[in-house]
Amino acid sequence: MPFLSSAWYVAAFSREVVADAPFARTLLDRPLVFYREPGGTVVALEDRCPHRFAPLSRGRLIDGALECPYHGLRFGAAGTCVLNPHGDGRVPAGARARCYPTRERYGAIWIWMGEAQQADRVPLPDFDFLDPERNVTSEGYLLTQANYQLSADNLLDLSHFQYLHPDTLGSDMMARGTVQSASEGDTVRVRRIMQGEMLRPFVGQAFGVPDGKAADRELDVRWQPPGLLTITVSVREAGAPPEMARVGMSAHWLTPETATRTHYFFAFGLPREMGEEGAALVQYSVEGLMKPFRDEDLPMLEAQQRAIGGRDFWSLRPAMLPIDAGAVRARRIMERLIADETALGDTAGIQAFEVVR
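Every position in the sequence shown, counted from 1, becomes a number in this note's numbering once 2 is added.
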């Protein structure tokens, strides 16, 4: 199954790549190794020595270069061999590991998987509510044994809260809520509105709604390629004016490991001026959501993947409901972008992104 290369993906949280050891992760079926230069800049290389194809991630960092664990060749930030300890020390012309552009922002390391010279033409997507200088944040990670688009489907249709998460996130009103779906360019938005809803304690406590009080809740999901979502939740006591609502925002970043495995990064952020209350709330959110995500969402996604197997999603002729509109829009956008890139090369994907932005 092809992936979209001309896009920014989240490769890791910043805390995962440390100063004194390489870090291995497979993205889009490509084994990669990450490390930090002495100044802290993150380097991403293919995790394969060009000499005898040993994994560079098993090596060590010496003087800012990554040493192959098999024969000691060292590779610098550009992927070129900077030391051959054998014979006369001549470096063969082919002694180069592919280097991928990276950026570090919003507490995450982003990677560009397409042609390197194109990376500067596409800005990183906006997740300013995770800027650590202005916000207190908390984050979580799960590895899902399912295609990344199944995870996007899951997040673009939150009516499943009522059935998959009845004791934490859902309520008896979720499926009856008003749903609006729209797209602008290559961005998809789905908004779900529930009025007079009796919230489960986990949600009510997070948003300051007393037990036994009805609430008006709005869930706004924004999706953009290749699998980057923002979920904005607004909650207020039923009948209260909109300005009385408490608002929480979370990021959900889906990066394929393979066609059937997905890195799922999620993070919450609140303004630093909220002080200790904000810090406690974002930690409460991540800790509270980890269990339903891990114990309810993941088993369902993995069961779906087993049912689909290696077949194309559309070949199974899925029955469609109105709640599927956002997920279908996102799938169609990805299919178009991948088809354009496959037909014309990375430049086509770049042009598509430039039109949107």
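By construction, the Cβ of each residue, glycine as well, lies at the ideal position given by its N, Cα and C atoms.
Task: Boundaries (first-last residue) of the alpha helix (DSSP H) holding Ile335 - done: 327 to 346
Open item on the list: Among the candidates Asp326, Val124, Ala110, whose CA atom is the shortest distance from the CA of Ser7?
Closed with: Val124
TODO: Pick out the complete beta strand (DSSP E) segments inside the segment 71 to 128, 3 residues or longer, and give them in chain order.
DONE: 83 to 85, 104 to 107, 110 to 114
Task: Exposed unless 16 or more other CB atoms sit within 10 angstroms - verdict on Met176 - done: buried
- [ ] Mind reading off the beta-carbon distance from Gln151 to Met336? Whole number of angstroms is fine, and I expect it under 8 Å.
- [x] 7 Å
Task: Alpha carbon of Ala216 to alpha carbon of Phe315, nearest angstrom - done: 39 Å
Task: Neighbourhood of Ala184 by C-beta, 7 Å cutoff - its chain only, sequence neighbours within 5 removed - done: Arg191
- [ ] In angstroms with no decimal places, state the Cα-to-Cα distance between Glu39 and Ile113.
- [x] 16 Å
Open item on the list: Can you tell me which residues form a DSSP beta bridge with Leu144?
Closed with: Tyr266
Task: DSSP-derived helix/strand/coil call for Ser153 - done: helix
TODO: Under 8 Å Cβ to Cβ from Arg50, same chain only, skipping five residues before and after it: list those, please.
DONE: Pro33, Ala56, Pro57, Leu58, Ala99
Open item on the list: Threshold first: 3 residues or longer. Then list the beta strand (DSSP E) segments lying entirely within the segment 253 to 317, N to C.
Closed with: 263 to 273
Task: Residue from Met246, Met322, Ala13, Phe267 with nearest C-alpha to Ser153 - done: Phe267
Task: Separation of Ala121 from Ala380, as counted between CA atoms - done: Examination of residue 380 is not possible in this model, given that the chain is present from 3 through 359 alone.
TODO: Starting from Thr166, trace the alpha helix (DSSP H) both ways and give me its first and last residue.
DONE: Note on residue identity: the sequence assigns Leu, not Thr, to residue 166. Segment 163 to 166, the alpha helix (DSSP H) holding Leu166.
Task: Span of the alpha helix (DSSP H), counted from its first residue to its last, around Pro203 - done: 203 to 208
Task: Check whether Leu29 and Thr146 have beta carbons under 8 Å apart - done: no
Task: C-beta contact flag for Thr264 and Ala148 at 8 Å - done: yes
Open item on the list: Quick check: what's the CA-CA separation for Val237 versus Pro243?
Closed with: 11 Å
- [ ] Examine the ligand FMN and report whether any of its heavy atoms sits within less than 7 Å of the Cβ of Leu160.
- [x] Annotation note on the ligand FMN: not contained in the displayed structure, which lists no ligands.
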